[in-house]
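*Asks:* For the sequence shown, position 160 (counting from the first letter as 1) is numbered 187 according to this note's numbering, and the numbering increases by one without interruption.
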Amino acid sequence: MARLKLKIGNNELEIESSVEEINKQLDRLESLYLMLLNGDLNEINKDSTKEEFPSEEDIEPLNKPKPDKLTIDDVLEVDFSQWIKKLKIKTDDVVLFLIAAFYTQKRKQDCVFTEHEVITLLEQNGVEFKNLRKIMQKNEKTGWMTEVLRERGISKYQLSESTEKSAVELITNLFNW
28 MARLKLKIGN
38 NELEIESSVE
48 EINKQLDRLE
58 SLYLMLLNGD
68 LNEINKDSTK
78 EEFPSEEDIE
88 PLNKPKPDKL
98 TIDDVLEVDF
108 SQWIKKLKIK
118 TDDVVLFLIA
128 AFYTQKRKQD
138 CVFTEHEVIT
148 LLEQNGVEFK
158 NLRKIMQKNE
168 KTGWMTEVLR
178 ERGISKYQLS
188 ESTEKSAVEL
198 ITNLFNW
């Protein structure tokens with residue numbers, strides 16, 4: 028009787044069998060090792076009394092290529108609260124406002140946003156600004172956003188093309204990291 032034990036972090040795999048049987052299964056150990064690394068022990072531990080290795084069908088998902096990176100269209104389907112969690116890294120208020128404006132603009136048919144819509148989105152996600160007027164002025168002065176329409180005293184804005192490209196790059200990188 029032989030015993031083989033693999034331990035990675037809190038995950039552990041122990042196999043007890045004959046030396047011959049363990050040697051026959053060595054080609055599958057690499058897949059089992061990957062399962063341990065990925066924390067995917069659910070399949071292995073379904074029946075802890077089972078003495079055989081998982082079948083090839085059980086291991087097959089590990090051999091599949093990783094899914095393609097998320098596109099901006101995929102990320103736009105994600106709730107903004109998840110964006111905020113990803114943006115918890117030091118992001119200044121100007122950039123955070125622009126990202127919220129991007130999210131708002133892209134989710135609307137007319138592709139414009141109001142200051143109120145962006146502020147409401149941020150407040151719903153626990154973000155408040157101390158000097159909003161200064162942030163709005165900086166974004167307009169630098170050309171990162173432009174007032175495109177004024178109706179009944181309410182300004183509607185649109186992000187510049189370069190701001191949109193920067194936002195796409197930042198957000199897709201954060202979600203694919």
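Ideal Cβ positions, reconstructed from N, Cα and C, are used throughout, including at glycine. It should be emphasised that the depicted structure is a prediction, and the values quoted were computed from it without experimental measurement.
1. Taking Cβ to Cβ, would you say Gln185 is nearer than 8 Å to Val121?
2. Excluding sequence positions up to five away, which residues of its chain have a Cβ less than 6 Å from the Cβ of Asn166?
3. Between the region 147 to 167 and the region 123 to 131, do three or more beta carbon pairs fall short of 8 Å?
4. Which full runs of the alpha helix (DSSP H) of 4+ residues lie inside the region 95 to 135, going along the chain?
5. Suppose you measure from the CA of Ile181 to the CA of Thr199; what does that come to, to the nearest Å?
6. Ordered along the chain, which non-local residues of its own chain (more than five positions away) have a Cβ less than 7 Å from that of Ser187?
7. Let me check understanding here. Comparing Cα to Cα, which of Leu149, Gly153, Val105 and Glu48 lies closest to Ala128?
8. Hey, could you find the ends of the alpha helix (DSSP H) Thr169 is sitting in?
9. Would you mind stating whether Leu176 and Lys183 have Cβ atoms separated by less than 8 Å?
*Replies:* Taking the structure as given:
1. no
2. Met172
3. yes
4. 99 to 103, 107 to 113 and 120 to 133
5. 31 Å
6. Gly170, Trp171, Met172 and Thr173
7. Leu149
8. Thr169 -> no alpha helix (DSSP H), and no H or E assigned at all.
9. yes
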